[in-house]
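Colleague: In our numbering, the protein residues as written are 67 to 125.
By construction, the Cβ of each residue, glycine as well, lies at the ideal position given by its N, Cα and C atoms.
Pasting in a structure now, in structure tokens, and then I'll have a few things to ask.
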């Protein structure tokens, strides 16, 4: 597996695990906390993937 695709897998795994975490703990968190957490992780993974993309395009 190439390094670039490995980094994309890391981003996908992070997104998936956080979504599963929030889905499994719906009764523990308030809905607004879940929404803010999901929005945050989507933005964080998007930034991570953008940085990975531009890093490997510059090389």
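Does the Cβ-Cβ distance between residue 100 and residue 88 come in under 8 Å?
Modeller: Indexing the chain shown from 1 puts residue 100 at position 34. Indexing the chain shown from 1 puts residue 88 at position 22. Yes; because the gap between Cβ atoms is below 8 Å, this pair is in contact.
Colleague: Tell me which residue opens and which closes the alpha helix (DSSP H) that residue 96 is part of.
Modeller: Within the chain shown, the letter at position 30 stands for residue 96. Run containing residue 96: none; DSSP gives neither H nor E here.
Colleague: Counting Cβ pairs closer than 8 Å, one from the stretch 74-83 and one from the stretch 105-124, do we hit at least three?
Modeller: Contact between the stretch 74-83 and the stretch 105-124 is present, because at least three Cβ pairs lie under 8 Å.
Colleague: Got a sec? Which residues, its chain only, sit under 8 Å from residue 74 by beta carbon, not counting five neighbours each side?
Modeller: Here residue 74 is taken as the residue at index 8 of the chain shown, counted from 1. Correct list, in chain order: 115, 118.
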